[in-house]
Structures are given as structure tokens and as C-alpha cells.
Amino acid sequence: MEALVISMIPAFEAGSEADICNKLQEFNKENAQTFFFPELGSETKKKFIGDILRSLEAGYNTECYCLCLEALRILSREAHHLYQLAQKEGILLLMRLAGLEENPVKYSDQVITEAEKCLCNLTYNSSQVQRMCQENDCVKYLMNRVRSYPSSKPQISSDIKFFDMRLLFLMTALCPQTRALVRKDYNGIELLIQVLESDVLGFPPAMPNPDTTAVQETEPQPPTESTSVASGSPSLEGEGTETNVGTAAVIDTVTDTMSELAKGTVADAAADAPTNTVTDKVTAATRDPLVVESVKLTTEQADLACEVFKALFNTVIHTKSKELETELEPGVLRRLGRACRCVLLSESVTPAKMEECHSQTINLMTCALPLACIQELTPEPRGGATGGDLLFEGRSTDAIVSILKFLEMRVDRAAAAKKLHVVEQLNPVLSALCVLSRTNRHIRRYLKKTVLPPLNKEQACNLPEEGGSLRNKLVRLMTNHSTDIKEVVADFLFILCKESVTRLIKYTGYGNAAGMLARRGLLAGGHGNRDYSSDDEDSDTEEYKDIRDEVNPVTGRVESERPNPMEGMTDEQKEVAAIELANMIHKITREGVVQPMSVSDDGKLIPMMDVVQKATMEANQQPAPDSSDDDDQDGN
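Take the sequence shown: its position 307, counting from 1, is numbered 334 in the numbering used here, and each next residue is one higher.
In C-alpha cells, the structure reads:
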């Protein structure tokens with residue numbers, strides 16, 4: 028490779044545009060899938076980068092610009108030895124070519140896209156670049172362009188919009204200081220909602236709402252015009268990849284930035300989900316007769332939606348619900364909820380793409396979204412606007428059904444794969460369901476009816492973890508080797524039981540719930556948070572009431588009668604067996620195999636030895652009986 032780069036030096040020195048283009052084409056073709064350049068010497072690479080940057084300032088044609096930027100994109104895949112690419116002059120040049128400046132010069136869409144790809148790679152790989160982009164108002168210029176989407180003539184291409192969102196996602200993920208700027212100073216949440224509405228879902232232009240006022244940093248937002256993603260744009264490899272916090276990988280062959288920084292899940296191959304048990308038994312649900320067609324997303328729209336949701340996630344993460352309610356008008360929050368619901372009900376060209384869209388939408392719901400937003404997930408059917416929905420207690424639940432289907436698909440996949448990283452993909456959707464259940468009483472009631480329906484005799488005679496219902500699958504996860512998963516599953520079921528220990532044990536068995544109860548100090552029973560409605564929604568079936576007293580609370584089922592193992596033994600034999608058992612327990616305790624525990628007054632586990640020592644100390648502290656008074660009394 029070094030020989031090829033050295034052979035380019037005469038072309039750069041002569042300033043021959045044709046020779047430069049030919050050499051760069053050869054370099055780009057040879058290194059299209061190269062991510063590391065150990066054989067390229069430091070000085071050679073430094074000179075090569077400098078020559079390319081000078082060519083970008085020389086005013087060559089668009090084709091040469093694109094070839095230069097493509098070569099820089101390839102070189103920027105390597106996190107080390109970025110040289111001029113990580114310096115202010117190089118970053119400002121790339122920002123100018125990407126149209127990210129106060130008065131942007133109009134370059135071709137391909138030049139802007141390639142420049143943004145370079146910025147994405149550099150931002151991902153270099154903390155120095157992150158700082159320089161922040162200091163030079165990269166986010167501000169990004170948001171200015173997003174604000175101009177509706178009024179831009181000609182329309183901004185779908186590729187530019189996609190990489191705008193990806194660069195915004197990277198900046199908000201890697202530079203936490205930019206999150207508040209996007210949210211407060213640049214009216215970012217409303218602008219991102221507008222992108223979802225216009226460019227993803229194809230909604231008509233938003234009409235001025237009397238209860239919604241947009242806060243602009245400089246001038247008022249231009250009139251909104253309906254825009255759509257161009258369907259003829261080239262395919263973007265790897266752009267629809269799910270993300271996960273803290274993972275460092277550079278595997279995207281176009282942006283070369285697989286930024287796994289948003290709370291979510293790792294990309295998995297599309298798999299056919301087993302038959303769902305969620306919608307097979309929707310309790311107290313009926314079909315609304317009014318039918319509304321669901322949204323069908325193209326690949327470009329689905330990819331754009333994923334990037335928008337990732338940017339939204341970063342923007343609102345660690346922000347309290349009350350703070351969002353103060354910053355945003357109720358109308359904006361409702362629009363966000365409606366957009367989330369529409370994406371959850373949408374379809375895409377492939378199951379994998381649809382799963383990714385739903386995953387990123389669900390990731391956003393793990394944040395503390397206000398009630399005004401959450402309520403739009405279960406709207407009341409008005410004028411056919413929510414027709415074709417599953418209705419529960421007069422409200423649409425089709426978005427919640429979609430989340431439950433997503434959950435069950437991932438639960439089945441985790442059970443089949445039996446790999447830790449696949450199991451941990453359940454965390455976001457379970458966390459989102461916990462947030463939704465705590466925030467909205469109606470959603471919690473529906474989830475309770477669907478996930479934990481009243482038990483019948485057949486269910487009570489089987490172990491809670493045995494069977495194919497969603498309840499059985501979740502109870503199995505309560506003893507999973509992943510601590511995070513078993514805790515979030517237990518929390519979810521506990522919330523559905525209104526944090527009643529008795530109800531939780533009824534559905535899961537004491538043995539499966541013991542870990543969560545110990546963690547919360549509820550081993551002795553009682554309630555957790557009591558901030559729930561007082562109405563009783565846990566009615567038992569008649570056949571369950573008949574056998575309720577026969578259920579073993581530890582296993583959670585009716586146990587079959589077993590013969591008494593001590594039947595026919597004499598008292599002497601029973602005593603010998605008891606001594607042998609005590610000796611065996613003492614032995615494994617002494618060897619550290621087990622540790623005898625007791626439940627303290629606050630419902631937590633404590634070592635039995637502590638209980639014995641405490642009792643001994645209390646006994647020793649009691650005063651000895653005074654016998655002198657008795658002697659005197661006897662003497663009288």
C-alpha cells in the first residue's frame with residue numbers, strides 16, 4: 028500500500044487533476060474494506076492526508092472532490108495517527124464542505140454526504156475532534172439545516188438528512204454538554220419530531236397549534252412544507268444497525284462508524300419469531316370497526332427514523348419528566364407520543380428493518396417521558412383516527428400489543444440462543460415496559476390483564492416457569508444468569524402486581540421471587556411502593572379459589588401428595604436421622620458451602636450467626652435476679 032501512496036506524490040505535486048483522480052480511484056478501490064493501515068508509514072500517511080486536503084482547497088471538479096473525501100473517509104477509519112484530520116484546519120474544511128457553517132456554500136449532495144461521513148468517523152474515533160466540533164458550533168449548524176428541511180428548495184436529499192441525524196447522534200452521545208443545547212437553545216426535540224412526521228411518516232404539514240409555541244434560537248421557523256424521502260437514493264450499507272451503550276466497533280463500510288452508544292440492543296440477524304401468545308388472548312379487548320391503513324416505511328425512511336430516535340434518546344436521557352414538561356409545550360409532547368405510536372404500528376421492507384425501527388422507538392421509552400407523551404400511545408378512538416385498533420377499556424392498545432410482540436420475539440430468541448449478549452437485548456424493552464406501567468395506570472392495567480391474567484386450575488397445578496405463555500417465559504428469566512435481566516423482569520412483574528408481595532408470589536412462586544424480595548427487603552412480605560390505585564383488579568377465577576389453599580407458595584403450584592418419608596420410623600430412628608442431618612448441615616456450613624440465613628425485622632437476609640450472637644449479647648446484658656430480698660423476706 029505504501030508504494031501506491033508514494034506513487035501518488037508526483038501527481039499531487041504537479042497538480043494534475045486527472046492523474047490525482049486516477050490514483051485516488053485505485054487507492055479507494057483497493058482499500059474499500061480496509062480499516063487499519065499498519066503497513067503505511069507515519070510520514071507517508073501524514074503527507075498523503077496533507078496532499079488530499081490541499082487538493083480539496085484547489086477548486087477541482089465535483090468528481091475529484093468526492094474521490095478525495097472518499098480517501099479521507101477510508102483513512103479516518105483508523106482511530107490513531109489522524110494527523111491533520113484531527114486538527115482545526117482539517118475539521119473546519121470538512122465542516123465547510125458538509126455545509127456546516129454560518130453561510131454555507133452550495134456543494135453537490137454527494138460532496139456534502141462524503142464530508143459528513145468523514146466527520147462521523149472522526150467524531151467517533153477522536154475526543155480531540157469531538158471537542159473541536161463542539162467549539163466550532165457543529166451542532167448549531169446541524170440544527171440550522173434541520174430547521175430548513177421543510178422550506179429548502181430544492182429539497183434536501185435523504186442521504187444528507189440521514190447523515191445529519193447520525194452526526195447529531197454522535198455529537199450528543201459523545202459530548203454530553205450538547206444535549207441541553209439541542210433541547211433548550213435549538214428547539215431540537217420539536218425539530219426532530221418534525222423530521223419524523225414529514226420525512227418518515229409522511230404526515231401533512233403541522234398546523235399552528237394555540238397551545239404549542241416554538242422557541243427559536245434566532246429567527247422564527249419557516250413555514251412547514253410536506254417533504255418526503257427520495258426513493259431513488261443509493262443504498263447506504265450498515266446504516267440501519269442497532270446500537271448499544273459503550274461498545275466500540277468500527278464496522279460500517281460507508282460511514283465506517285457503527286456507533287454503539289445509544290442505550291439499546293446489539294444488531295442481530297433477522298429471525299422468524301415463534302407464534303406469539305400475546306395477541307392470542309387479549310383480555311377484554313375488541314376490534315374497533317373503523318380501519319385505518321398502517322404506515323409502510325421504505326428502507327431510507329426506516330434508517331432515518333432509527334437515527335432520529337437515537338438522537339432523541341441522547342437529547343432526553345438523564346432529563347427528568349418534570350423538566351421536559353417545563354421546557355416543552357403539551358402539544359409537542361403529544362406529537363412525540365403520536366409519532367412513537369405510528370412507528371410502532373408501521374411496517375418496513377424487511378422484518379429486520381422493522382425490528383430495528385421498533386427497537387429504537389422502545390429505547391426512547393426507557394427515558395422519563397411525561398404523561399402527556401405516554402398517553403398518546405393509548406389514545407381514545409375519535410372520528411376513526413385510531414380505527415382498527417385493539418381497544419381496552421375504551422382506549423387503543425395496539426401500540427402496547429406491538430411492544431409485547433417485540434418482547435416475546437426477543438424472549439424466544441434469547442431462549443433459543445442461550446447467549447448472554449442475546450439475553451441482555453431484553454433489557455431495553457423490559458425497562459420501557461416498567462416505565463410505561465409506572466407512568467400510565469391504563470397501560471399497567473392492560474399489561475396486567477395480558478401478561479398476568481387470572482389463574483385457572485390447570486395453570487395452578489403447573490410450576491410458574493413451565494409452559495408457553497408470556498408469564499411462564501418471564502418467570503423463567505427471573506432465575507437467569509444475567510443479573511440485570513432477572514432484576515428487570517422481577518421489577519416488571521412486581522409493578523404489574525402493584526408491588527404486592529402476596530400477588531407476586533401467587534404468579535411466580537416464592538422461590539423465583541426470593542432474589543428480588545431480598546434485594547428490596549420484602550422477604551417478610553408487605554408492599555413496595557403503594558402509589559397505585561386502590562381498586563382491586565386481581566380477581567381470581569372460581570376454580571382457582573377452590574384450590575387456592577392447596578397451592579404451595581414456595582413453588583407456586585398445587586403439589587401432589589407425597590408419602591411421608593418418616594412413616595414407620597421409631598422415635599429413636601427419627602432422632603438419629605435428625606442428628607445426622609444436623610451434622611451434615613454443620614459440615615457444609617463450616618466448609619463455606621452454605622451460610623445459614625435469617626430474615627431480619629426489615630425483611631432482609633442476615634447471617635444466622637449474627638442472630639445468635641445478638642440473642643446471646645442480649646441475654647448477657649440482662650441483670651441477674653437479686654436474691655437478697657427473698658432472703659430478707661424469708662427471715663421476716
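For every residue, glycine included, the Cβ atom is placed at its ideal position computed from N, Cα and C.
Item: Contact between the stretch 585-605 and the stretch 532-541: three or more CB pairs below 8 Å?; Value: no
Item: In whole angstroms, what separates the C-alpha of N214 from that of M122?; Value: 22 Å
Item: Using CA coordinates, which residue listed in G583, L531, L418, Q486 is at the minimum distance from T568?; Value: Q486
Item: Can you give the Cα-Cα distance for T71 and E105, rounded to whole angstroms?; Value: 15 Å
Item: Where does G619 land, buried or exposed, given buried means 16+ other C-beta within 10 angstroms?; Value: exposed
Item: With a floor of 3 residues, list each beta strand (DSSP E) that falls wholly inside the stretch 393-444, ordered by position along the chain.; Value: 417-419
Item: Looking at the unbroken beta strand (DSSP E) that takes in L632, where does it start and where does it end?; Value: 632-634
Item: Tell me which same chain residues have a C-beta within less than 7 Å of the C-beta of A366, skipping the five on either side of it?; Value: I220, L223, E224, L228
Item: Under 9 Å, do L479 and L431 count as touching if we go by C-beta distance?; Value: no
Item: Consult DSSP for M505 and reduce its assignment to one of helix, strand or coil.; Value: coil
Item: What did DSSP end up calling E105 once you bin it into helix, strand or coil?; Value: coil
Item: If you draw a straight line from the alpha carbon of S373 to that of E128, how long is it in whole angstroms?; Value: 36 Å
Item: Let's test the definition: count the other Cβ atoms within 10 Å of the Cβ of S43 and tell me whether it reaches 16, buried, or not, exposed.; Value: exposed
Item: Would you list the one or two residues that DSSP bridges to H554?; Value: S527
Item: DSSP state of S625, grouped into three classes?; Value: strand
Item: Give me the DSSP bridge partner(s) of E143.; Value: Its beta-bridge partners do not exist; DSSP assigns none.
Item: Please state whether DSSP places L610 in a helix, a strand or coil.; Value: In the sequence under discussion, the amino acid at residue 610 is Asn, which differs from the Leu named in the question. N610 falls in the helix class under three-state DSSP.
Item: Using CA coordinates, which residue listed in L218, C384, M159, A551 is at the minimum distance from S625?; Value: A551
Item: With a 10 Å radius around its C-beta and 16 neighbouring C-beta atoms as the bar for buried, classify T240 as buried or exposed.; Value: With a pLDDT of 36 at T240, under the threshold of 50, the predicted position of this residue should be treated as unreliable, though the coordinate-derived value follows. T240 is exposed by the Cβ-count criterion.
Item: State the Cα-Cα distance for the pair L149 and A379, rounded to the nearest angstrom.; Value: 28 Å
Item: Here's the rule: buried if 16 or more other CB atoms are within 10 angstroms of the residue's CB, otherwise exposed. What is T424?; Value: buried
Item: If you check the beta carbons only, do I401 and T466 fall under 9 Å apart?; Value: yes
Item: Short check: CB of K167 to CB of L208, under 9 Å?; Value: yes
Item: Just list the residues that DSSP pairs E374 with in beta bridges.; Value: K323
Item: Would you mind sorting T205 into buried or exposed? The rule is 16 or more other CB atoms within 10 Å of its CB.; Value: buried
Item: Tell me which same chain residues have a C-beta within less than 6 Å of the C-beta of K446, skipping the five on either side of it?; Value: none
Item: Roughly how many whole angstroms lie between the Cα atoms of N303 and E382?; Value: The predicted position of N303 is uncertain, since its pLDDT is 49 and thus under 50; a value taken from the coordinates is nonetheless stated next. Cα-Cα distance, rounded: 15 Å.
Item: Assign F433 to buried or exposed, taking buried as 16 or more other Cβ atoms, counted over all protein chains shown, within 10 Å of its Cβ.; Value: buried
Item: Between N55 and P65, what straight-line distance do the alpha-carbon atoms span, to the nearest angstrom?; Value: 17 Å
Item: So, at 6 Å on beta carbons, what are the nonlocal neighbours of E526 in its own chain, with the 5 sequence-adjacent residues on each side left out?; Value: H554, G555, N556
Item: Find the nearest neighbour of C333 within the set P203, F196, L398, judged by alpha-carbon distance.; Value: F196
Item: Using C-beta distances below 8 Å, list every residue in its chain close to N483, excluding the 5 sequence neighbours before and after it, in chain order.; Value: T568, E570, Y571
Item: Can a CB atom of chain C be found closer than 9 Å to the CB of L608?; Value: In the structure shown, chain C cannot be found, because there is only a single protein chain.
Item: With a 10 Å radius around its C-beta and 16 neighbouring C-beta atoms as the bar for buried, classify M596 as buried or exposed.; Value: exposed
Item: Who does V578 pair with in a DSSP beta bridge?; Value: V585
Item: Rounded to whole angstroms, what is the Cα-Cα separation between C488 and L520?; Value: 20 Å
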